[in-house]
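Below you'll find the structure, written out as structure tokens, and then a few comments.
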Amino acid sequence: MKKKLIAVLLSAAMVAGCLAGCGDSKSASSGGGASAGADAASTEASGANDTAAPADSGESAKSAEELLLEPYEEPVDIHIVLQYRESEDPKTPTDCTPETSTAVKLLKEEMNINLIYDWIVNADQYEEKFGAELAAGNLPDVFMVNPNDFEDLASQGGLADLTEYYEKYRCDDLDNIFNYDGNFINVAKKDGKIYGLPMGTDPAQTTSQMIYNMTQLESVGITSVDQLPKTIDEFEALCDKLMEVDYNGDGKIGGPVIPACKNYADAQLADFEPFFHAYETWADGWYDKDGTLQYAGIDEGIKTTLTKLNEWYNKGYFQKDFAAYDIWAADSPIVNDIVAGKYAIVPASWWVPNWPLNTNKVEHPESNWVIGPNLSPDGKQPAVMVDRYPVNNFVVVGRDCKNPEAVFKMMYWSLQYTLENSNPEKQNAMTEEEKTEWHSYVYTWLPYRIYSPTCLRTNFEVINKLAEEGKTEITEADAAKNNEFWGSWASYLNYKENPDDGVAWGTYFSRLAPDGGVANMIHTIETADIIYDEVYVTTPAMISRKAELDKLRNNTFLSMVMGETPVSDFDKFVEQWKAQGGDEIAKEVNEWYQNNK
């Protein structure tokens, strides 16, 4: 039975092509598998505590936080695997390895948990190794998987039921990671039981912004933020004025006045998202319309957006060959032009002041970047689409793990360790040995993450309150309990001491300024009507068809913006999209949606 289940899971994973372990920061850094025993979960779970119980049997009198840091009486082995990448910390000792890292050392000393790496491979070898080990039944205890693999493993009975342990160890610090809004944990439930701990990001981060250089706008008579455009017509009037001004001082007029690139729908820098959003249209995403999921990329309203963008292209607002440029290419000409001060307007997201506008500020200290209102036809805040469940990965436990509760204890230990040691005051007082230990803690070598999706919002609110109180020295009691706080606090102090430094400005203005990127993000998400993108999985038809459908959509939309294809052909595009796999995907996502509401 065990081998049969493994074969089924491997087949599903290979077909999906979505084994955990992709190389980017959102992907799993450890993999896993499943074992059989659909009726044995509760027996194994209860038996686990019989073999390795925490030291004090009077658990009912203790808080969840006390239980989480209570070491086991007997050593507990937790087997993991790793897709290896170098530490992001340049101060990590060169002789530090995953097996000798601080987490492995201290989890053993302080929690009696032996973290055992069954195997470690580089990123390009991971999928093949993971698949082979899965087929052989060599399964780790704690690992991270992407949403597709989670669906497969949970439905095939390969994961431990964590419901009992979630309730036992539930506390605010952990909920801030995998149940930040009181609903996020639901994405990991099957038949009311919890089979994983979701790792995600704040859905508000997908909102768009318009950023303006007030220094350059003075040349067209705009001297106050209140004068910045709110409506599409006002924005167009501003662009018309900029087309007539030589604000670069190079003797040329006539545009372009808005940076643009081939990544028109998802770059979050020099893309068309703010203009799509202005008309309450989206190039991608599945939203609920009367109980049925509809694909936003074929909505009739997109015709209006594309028509307006084509008008602007014809007027010269965008570079004529913008579709040839990838914003993320090495030495991107678009980024270089932004840094050089060629544009007074930058369509963007909350993080853009931190890059590349910080570099512009370094090279052009006179630049005065501000965030303007979100555009719409009538000047009112348009609706926004965000992920209902912004899940990137799941931390899961294999069905045969003898101590499933260990995942909660390890995550809580890591959170407390990083909170304590990331405090600048604590770091300044560290001995050389303690510094070495701190820099030998490498989070990417662990099978979980402790990132709180709401940390941007929380740190913004906490630090601005401390700033209002005039504080420059704080205690741990003042700090927010997330592993990003002390870095944000240091950024605030750095900007306060160096307000003219472009790099310090970029970090501060993106994350902490009362009128900065995160501030605008919060305002948008709290004032706009919300439309939810409901789909976070990849269906079989998506795997075989979505790449080509996205290519069809992107080529069509760009061609329409550039006037090569008339916008009146939009209905033909919709017919093509449906015939070439869109209808098949729609059928699958709606079947999934009805089963997972």
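Per mature numbering (1 follows the signal peptide of the UniProt record, and there is no 0), the sequence shown runs over residues -20 to -1, 1 to 577.
A virtual CB, placed ideally from N, CA and C, is assigned to each residue, including glycine.
Residue interval of the beta strand (DSSP E) (run including K461):
On the sequence shown, position 481 is the one that residue 461 refers to. It is not in any beta strand (DSSP E) - K461 carries neither H nor E in the DSSP assignment.
Quick check: what's the CA-CA separation for S81 versus V237?
Taking the first residue of the sequence shown as 1, we reach residue 81 at position 101. Taking the first residue of the sequence shown as 1, we reach residue 237 at position 257. Going by the C-alpha atoms only, they are around 51 angstroms apart.
Proximity to S356 [Cα-Cα], best of L426, V375, E214
The count along the sequence shown starts at 1 and reaches residue 356 at position 376. Comparing Cα-Cα distances from S356 to each of L426, V375, E214, the minimum goes to E214.
W308 classed as buried or exposed, judged by whether at least 16 other C-beta atoms fall within 10 angstroms
Position 328 of the sequence shown, counting from 1, holds the residue named residue 308. W308 is exposed by the Cβ-count criterion.
Between which two residues does the alpha helix (DSSP H) carrying D306 extend?
Counted from its first residue, the sequence shown places residue 306 at position 326. Unbroken run through D306: none, as it is neither H nor E.
Please list the segments of the beta strand (DSSP E) lying wholly inside the stretch 501 to 562, counting only runs of 3 or more residues, in order along the chain.
510 to 513
Please list the terminal residues of the continuous beta strand (DSSP E) segment that includes Y97.
Translated into the one-based positions of the sequence shown, residue 97 becomes position 117. Run containing Y97: 93 to 102, per the beta strand (DSSP E) assignment.
Considering only C-alpha positions, which residue in the set G265, D367, V569, L87 is nearest to P520?
Your numbering for residue 520 matches position 540 in the sequence shown. Per the Cα distances, V569.
Please confirm if the stretch 136 to 144 is in contact with the stretch 413 to 420, defined as three or more CB-CB distances below 8 angstroms between the two stretches.
In short, these stretches do not touch, since the Cβ pair count stays below three.
Per the DSSP calculation, T211 is bridged to which residue(s)?
Along the sequence shown, one-based indexing puts residue 211 at 231. BP columns for T211 point to S356.
Suppose contacts are defined by Cβ-Cβ distances below 8 angstroms. Is V364 in contact with V375 by that definition?
The sequence position of residue 364 within the sequence shown is 384, counting from 1. The sequence position of residue 375 within the sequence shown is 395, counting from 1. No, these two residues do not count as a Cβ contact at 8 angstroms.
Buried versus exposed call for E66 [16 or more other C-beta atoms within 10 Å across all chains shown]
Walking along the sequence shown from the start, residue 66 turns up at place 86. Result: exposed.
Mind checking whether M91 and K389 have CB atoms under 8 angstroms apart?
Numbered from 1 along the sequence shown, position 111 holds the residue referred to as residue 91. Numbered from 1 along the sequence shown, position 409 holds the residue referred to as residue 389. In this structure, K389 lies closer than 8 angstroms to M91 by Cβ.
In this structure, does DSSP put W266 in helix, strand or coil?
Locating residue 266 in the sequence shown gives position 286, where the first residue counts as 1. W266: strand per DSSP, three-state reduction.
Straight-line Cα distance separating G229 from P370:
As a position in the sequence shown, residue 370 is number 390, starting the count at 1. As a position in the sequence shown, residue 229 is number 249, starting the count at 1. Roughly 45 angstroms separates the two Cα atoms.
Limits of the beta strand (DSSP E) - the one that H59 falls within:
Here the question's residue 59 lines up with position 79 in the sequence shown. Per DSSP, H59 belongs to the beta strand (DSSP E) from 56 to 64.
Where S5 and N535 are concerned, what is the direct C-alpha to C-alpha distance, given to the nearest angstrom?
Taking the first residue of the sequence shown as 1, we reach residue 5 at position 25. Taking the first residue of the sequence shown as 1, we reach residue 535 at position 555. Low confidence applies to S5: its pLDDT is 35, below 50, so where it sits in the model is not reliable enough to give any reading.
Specify, as a first and last residue, the run of the beta strand (DSSP E) that I454 falls within.
For the purposes of this step, residue 454 is taken as the residue at position 474 of the sequence shown. No beta strand (DSSP E) contains I454, which DSSP labels as neither H nor E.
M124 (DSSP reduced to helix, strand or coil):
Locating residue 124 in the sequence shown gives position 144, where the first residue counts as 1. M124 falls in the strand class under three-state DSSP.
Are T285 and Y259 closer than 8 angstroms when you measure CB to CB?
Here residue 285 corresponds to residue number 305 of the sequence shown, with the count starting at 1. Here residue 259 corresponds to residue number 279 of the sequence shown, with the count starting at 1. Cβ atoms of T285 and Y259: closer than 8 angstroms.
Extent of the continuous alpha helix (DSSP H) run through A484
In the sequence shown, the residue the question calls residue 484 occupies position 504. Taken as a continuous stretch (DSSP letters only), the alpha helix (DSSP H) holding A484 covers 482 to 491.
Indicate whether the contact test is met: 3 or more Cβ pairs, each with one atom in the stretch 216 to 227 and one in the stretch 169 to 186, closer than 8 angstroms.
no
Closest to S394 by CA distance: which of Y428, A527, N372, F489 is it?
Residue mapping note: residue 394 aligns to position 414 of the sequence shown, counting from 1. When each option's Cα is compared against that of S394, the closest is Y428.
Report the rounded CA-to-CA distance for E224 versus T181, giving the unit in angstroms.
On the sequence shown, position 244 is the one that residue 224 refers to. On the sequence shown, position 201 is the one that residue 181 refers to. Taking the straight line joining both Cα atoms gives about 42 angstroms.
Element boundaries [beta strand (DSSP E), containing Y275]
For this step, residue 275 is matched to residue 295 along the sequence shown. Unbroken beta strand (DSSP E) run through Y275: 272 to 275.
Using 8 angstroms as the Cβ pair cut-off and three pairs as the minimum, do the stretch 231 to 247 and the stretch 294 to 305 touch?
yes
Which same chain residues, not among the five before or five after N478, have their C-beta less than 7 angstroms away from its C-beta?
Against the sequence shown, residue 478 aligns to sequence position 498. In its chain, beyond the 5 residues on either side, A484 have a beta carbon closer than 7 angstroms to the beta carbon of N478.
When you compare only the Cα positions, how much space is there between N126 and T434?
In the sequence shown, residue 126 corresponds to position 146, counting from 1. In the sequence shown, residue 434 corresponds to position 454, counting from 1. Roughly 21 angstroms between the two C-alpha positions.
Can you check the stretch 144 to 185 for any alpha helix (DSSP H) of at least 4 residues that lies completely inside it and give the ranges in chain order?
152 to 158
For the alpha helix (DSSP H) holding residue 585, just list the boundary residues, first then last.
Residue coverage of the chain in this structure runs from -20 to 577, which leaves residue 585 outside it and unanswerable.
Among the candidates M410, N156, W335, G117, whose CA atom is the shortest distance from the CA of I191?
Here residue 191 refers to the residue found at position 211 when the sequence shown is read from its first residue. When each option's Cα is compared against that of I191, the closest is W335.
Would you mind giving the Cβ-Cβ distance between P70 and S188, rounded to the nearest angstrom? I have them listed as a contact below 8 angstroms.
For the purposes of this step, residue 70 is taken as residue 90 along the sequence shown, with counting starting at 1. For the purposes of this step, residue 188 is taken as residue 208 along the sequence shown, with counting starting at 1. 33 angstroms between Cβ atoms; not a contact.
Which of helix, strand or coil does DSSP assign to V377?
For the purposes of this step, residue 377 is taken as residue 397 along the sequence shown, with counting starting at 1. It is a strand residue.
Rounded Cβ spacing between Y97 and E79 (contact assumed at less than 8 angstroms):
Reading the sequence shown from its first residue, position 117 is the one you call residue 97. Reading the sequence shown from its first residue, position 99 is the one you call residue 79. Y97 to E79, Cβ: 6 angstroms. Contact.
DSSP three-state call for L(-16): helix, strand or coil?
Translated into the one-based positions of the sequence shown, residue -16 becomes position 5. Bear in mind that a pLDDT of 39 at L(-16), under 50, signals an unreliable position, so the number given afterwards is only what the model happens to contain. Residue state for L(-16) is assigned as helix, using DSSP reduced to three classes.
Let me check one thing: in DSSP terms, what residues is A328 bridge-paired to?
The residue labelled residue 328 in the question sits at position 348 within the sequence shown. A328 is bridged to Q189, L249.
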